[in-house]
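Residue numbers (the working numbering), protein chains in the order written: chain A, 3 to 480; chain B, 3 to 480.
Glycine included, every Cβ here is placed at the ideal spot set by N, Cα and C.
What follows is a set of notes on a single structure, which appears directly below.
There are 2 protein chains.
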Amino acid sequence: MAIDTKLTSQKKDFPAWYNEVVKLADLIDYGPVKGTIIFKPYGYAIWENIQKIFNEKIVNDGVENAYFPVFIPESFLKKEKEHVEGFSPELAVVTHAGGEKLDEPVVVRPTSETIMYDAFSRWISSYRDLPLRINQWCNVVRWELRTKPFLRTTEFLWQEGHSVFETKEEADKEMLKRLNNYRDFYEKVLAIPVFTGKKSEIEKFAGALYSTSCEALLKDGKALQAATSHNLGQNFAKPFNIQYESKEGKREYVWQSSWGISTRSIGSIILTHGDDKGLVLPPAIAPVQVIIIPICKDNKEKEAVLKAIKEITSKFGTDIRIKVDDRENLSPGWKFNEWEIKGVPLRIEVGPKDVKGKSITVVRRDENEKKQIKSNKLDVKNLLKEIQSNLFKEALRFKEENTHKVTDFKAFQKDLEEKKGFYLAPWCEDSKCELEIKEKTKATTRVIPFDIDKPQKGEKCFHCGKEAKAFVYFAKAY
Amino acid sequence: MAIDTKLTSQKKDFPAWYNEVVKLADLIDYGPVKGTIIFKPYGYAIWENIQKIFNEKIVNDGVENAYFPVFIPESFLKKEKEHVEGFSPELAVVTHAGGEKLDEPVVVRPTSETIMYDAFSRWISSYRDLPLRINQWCNVVRWELRTKPFLRTTEFLWQEGHSVFETKEEADKEMLKRLNNYRDFYEKVLAIPVFTGKKSEIEKFAGALYSTSCEALLKDGKALQAATSHNLGQNFAKPFNIQYESKEGKREYVWQSSWGISTRSIGSIILTHGDDKGLVLPPAIAPVQVIIIPICKDNKEKEAVLKAIKEITSKFGTDIRIKVDDRENLSPGWKFNEWEIKGVPLRIEVGPKDVKGKSITVVRRDENEKKQIKSNKLDVKNLLKEIQSNLFKEALRFKEENTHKVTDFKAFQKDLEEKKGFYLAPWCEDSKCELEIKEKTKATTRVIPFDIDKPQKGEKCFHCGKEAKAFVYFAKAY
């Protein structure tokens, strides 16, 4: 586990920096099958923290966890036309099992709408069975051509929530609620400000009536779809025949929404907060929040220092994730380097001098400045809170700095070359226009924000000059 | 969700009772692919409780959680001869992905030794990297011919722990420690007493040096392998080339152990504690520990009753899992029936009379007797503790009643027809003899217990008459 390599700087080669940091911080290893990754303990612990916090949120809100099979009959996928068109190029197919060729191949779930909704059609018979809110935490497989740790992997982990209602209005409300859950989670837990809004027809989920998403702005100026929430309308209810008897005794199709956040979120943390020294983890999800490094020349000194550390940490409270790095064969400098790369929010160094003077050295990962403080003045909880809010503030500043308005397509093309970020433009909402813009600039529509008024009558699409119907954010996607 | 069916009695048809109860208690639904099940929220919540308790145990003990890919190249499986022979009849194979035929088929993991150990060979280089203890909670797939909810399903959920050491002694010690973890977990959490010991050569894990297991005795007298812990020796270390440099600077192969418990454990709960009224869940893992049923004729009564319930439950403490069933369209009798089938440990009925007299009706699921008690005398925590320990006591009594010693094979054959249970017999440890016994009686060796002395010199195998080498438990497996 020797960390003897220096990280490539972000400025020099951002993708190289990313590939190096996920390995050096010991987050992942590569799996033997194309595009798969191994979540090593340090990387998986971040996911466990994300799971714990988000799961508590939705379960307290009445969502029920369940688990559906990983294998879906091919025929299920085919029941919704857009759905199968969207997913079939990415499917992994089991054709042989138990030593025999299967009569019907089964796919490894790329998402679970079809297998869940087949069951829902049996579970739901009356309005009394609604609303139904089912969630699962599981692995899914999408066989992608180009992969990248966390951001796009053959197999990834996620939660997929599936909600069922009597009316479109309820499904709309649920969809917005979950989108807001994700935005809050990104902002408050991952310290990442996001753009939220509606997806274009082209960018929506295969099978949805319409989709919404949270979009993060990464340090290289690119966009990352960070979580999605869809209104599925009755697009699945009809082919899967999910009907309920209404209060009035009529048979009606249900309205549905689905919503998900995945291990991609770990990638967004790295690409939002990381710096040339490595990861910078928000305290809320950092596997180790405080790393404590004893500094001592010999065993006698060590004893005194470890005793002092015990005293200091005993006052932290049980909910702080602390680690004392007392490995013997490594120098303090080596340890500083390792825990910096790993993005631990707070480092405390305790040496024999500190023991005598009752002072300690504290280094915030977001500042990288050594500060001496009296150990009885140390308020770890508050420091972590400050780091958390500082990371968000810094990311928000970056986001605002890199959000631009454009009305002229030529200027947009030129700006895209030089200036990072998201570009808000008046747009016609025409798919053909969208594809042309993509071809010319490699930028795609990210979201149509809810909190910005529609263009005024007479305003033109910045690309094709037709009537503008909405303001939309464009950006290059990761 | 109408529960209008009466359960078949256990005496009449035990397998039918089981198939009915898993559905009526709303634990599962069947998946569309052969042998798969859907863990419905109530069933999945039991698994979440199992996970939480066992995970805390091992993580506090220094085990690190990780996540490895679900896809394993076929060639990996083939590296260990016994391993591939054991698992190849049960593999699900992905031959096509991303719209193309794969150059090398990949299997959906039936267990993760091979993919983990390939990684371990990169992660381990020095004695300083040892011991290594990695665990994952995941889904695995084994394509079995005969399946049964929880007990044997095409896909199941489990934890698999994988530990790596410098010496055989350490691997032995770890194997025993995990076996004891499982025994403790079964006894203290699931209230199920188990037989523990070593597996025979034939019954061991494919690829292990030797295996141990916890075996549960079910109500129908059959045995269920409830958790396993293996010493893998260097059987995988050699083909996967997992070597470390010792303190003395020599290259050595590691010693390994692996250990697992699965969703089969839910089956063992049902089949140990269930009765003719349905499930009986140990409080430690019951999704709902206390069900409270308001009994009232009209809305005015309801208001007073719900207020009284609020008052009563406010004294329970936050760590008790309570549910108030205030559904309007169902009668109290219907609700009693439903929560009995679902095995909720404690039922409290609160009606308007109870409100006035400050007394309530309490029914323990393990007793099914109505008791009136003053609400200020209600000690829910203690009642749950009593139920938990009573369930264990009852299961232990049943286990002792159905554990027999045999020395005569003919008597054993006859007894097996009439008397349920585990039979301890002096045995030669010869695989040929074992297979003959299986053919004649359908009984298999379960475990060679650690806590029973070896046969004295001169004692003969109860079947073949050769020198007896060990006492072993025989039973028919589920």
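Please classify isoleucine 389 (chain B): is it buried, with 16 or more other beta-carbons within 10 angstroms of its beta-carbon, or exposed?
buried
According to DSSP, is serine 11 (chain A) part of a helix, a strand, or is it coil?
coil
Short of 8 Å Cβ to Cβ, which residues in the stretch 78 to 104 of chain A face chain B?
Phe78, Ser90, Pro91, Glu92, Leu93, Ala94, Val95, Val96, Thr97, His98, Ala99, Gly100, Gly101
According to a CB-to-CB cut-off of less than 8 Å, which residues of the stretch 19 to 33 of chain A neighbour chain B?
Those residues of the stretch 19 to 33 of chain A that come within reach of chain B (Cβ to Cβ, closer than 8 Å) are Asp31, Gly33.
Proximity winner among B:Val95, B:Glu369, B:Val449, relative to leucine 283 (chain B) (alpha-carbon distances):
Residue nearest to leucine 283 (chain B) within the set B:Val95, B:Glu369, B:Val449 is B:Glu369 (criterion: CA-CA distance).
Which residue marks the beginning of the beta strand (DSSP E) containing threonine 363 (chain A), and which one marks its end?
361 to 366
Identify each residue in the stretch 243 to 272 of chain A for which the Cβ-Cβ distance to at least one residue of chain B is less than 7 Å, and report them in chain order.
none
Ordered along the chain, which non-local residues of its own chain (more than five positions away) have a Cβ less than 8 Å from that of phenylalanine 464 (chain B)?
Val408, Thr409, Asp410, Phe411, Phe414, Ala427, Pro428, Trp429, Ala470
Given a cut-off of 8 Å on the beta-carbon distance, is the pair glycine 37 (chain A) and threonine 156 (chain A) in contact?
yes
Less than 8 Å between the CB atoms is what I'm expecting for proline 347 (chain B) and proline 285 (chain B), so what's the real figure, rounded?
5 Å
In angstroms, rounded to a whole number, what distance separates the CA positions of lysine 302 (chain B) and valine 352 (chain B)?
14 Å
So, using beta-carbon positions, are tryptophan 145 (chain A) and alanine 94 (chain A) closer together than 8 Å?
A contact, by the Cβ cut-off of 8 Å.
If you follow the alpha helix (DSSP H) that tyrosine 129 (chain B) is in, where does it begin and where does it stop?
Here tyrosine 129 (chain B) belongs to no alpha helix (DSSP H), and DSSP marks it neither H nor E.
Enclosing beta strand (DSSP E) for serine 259 (chain B) [first to last residue]
Residues 257 to 264.
Could you check whether alanine 218 (chain A) and serine 270 (chain A) sit closer than 8 Å to each other, using their CB atoms as the reference points?
yes
Which same chain residues end up closer than 6 Å to leucine 159 (chain A) when comparing Cβ atoms and leaving out the 5 residues on each side of it in sequence?
Asn141, Thr265
Nearest-angstrom Cα distance between lysine 422 (chain A) and threonine 214 (chain A)?
23 Å
With 8 Å as the threshold, decide whether the Cβ of aspartate 120 (chain B) is near any Cβ in chain A.
yes
Phenylalanine 89 (chain B) (DSSP reduced to helix, strand or coil):
Of the three classes helix, strand and coil, the one that applies to phenylalanine 89 (chain B) here is helix, per DSSP.
Helix, strand or coil: which one does DSSP assign to arginine 111 (chain B)?
coil
Using the beta-carbon of each residue, which ones in chain E are nearer than 7 Å to threonine 38 (chain A)?
Absent from the structure is chain E; the protein chains it does hold are A and B.
If you measure from the beta carbon of alanine 288 (chain B) to each beta carbon in chain A, is any gap under 8 Å?
no
So which residues of chain A does tryptophan 145 (chain B) contact, with C-beta pairs closer than 7 Å?
Chain A residues near tryptophan 145 (chain B): Ala99, Gly100.
Among A:Glu205, A:Arg253, A:Ala288, the one whose alpha carbon lies nearest that of lysine 54 (chain A)
Here the closest residue by C-alpha is A:Ala288.
For the pair the stretch 81 to 90 of chain B and the stretch 357 to 374 of chain B, tell me if three or more CB-CB distances fall below 8 Å.
The answer is no - the stretch 357 to 374 of chain B does not touch the stretch 81 to 90 of chain B, with fewer than three Cβ pairs under 8 Å.
Is the stretch 323 to 335 of chain B touching the stretch 290 to 307 of chain B in the sense that three or more CB pairs, one from each, lie closer than 8 Å?
Flag = yes, the stretch 290 to 307 of chain B and the stretch 323 to 335 of chain B touch.
Through-space distance from valine 23 (chain B) to asparagine 384 (chain B), alpha-carbon basis
28 Å
What would DSSP say about proline 428 (chain B), mapped onto helix, strand or coil?
DSSP places proline 428 (chain B) in strand when its eight states are reduced to three.
With 16 other Cβ atoms within 10 Å as the buried cut-off, status of leucine 437 (chain B)
exposed
Beta strand (DSSP E) runs wholly inside the stretch 302 to 374 of chain A, at least 3 long, in chain order
324 to 326, 348 to 352, 361 to 366
With the cut-off set at 8 Å, would you say threonine 447 (chain B) and phenylalanine 424 (chain B) are in Cβ contact?
no
Check whether the stretch 70 to 87 of chain B and the stretch 204 to 211 of chain B touch, using three or more Cβ-Cβ pairs below 8 Å as the test.
yes
Out of B:Pro43, B:Leu79, B:Phe122, B:Arg329, state which residue places its alpha-carbon closest to the alpha-carbon of proline 107 (chain B).
B:Leu79
Run through DSSP, which three-state label would leucine 283 (chain A) get?
coil
For tryptophan 145 (chain B), which three-state DSSP category applies?
In the structure shown, tryptophan 145 (chain B) adopts coil according to DSSP, grouped into three states.
Against tyrosine 46 (chain A), what residues of chain B qualify as contacts under a CB-to-CB distance less than 9 Å, listed in chain order?
Chain B residues near tyrosine 46 (chain A): Glu66, Asn67, Ala68, Tyr69, Gln138.
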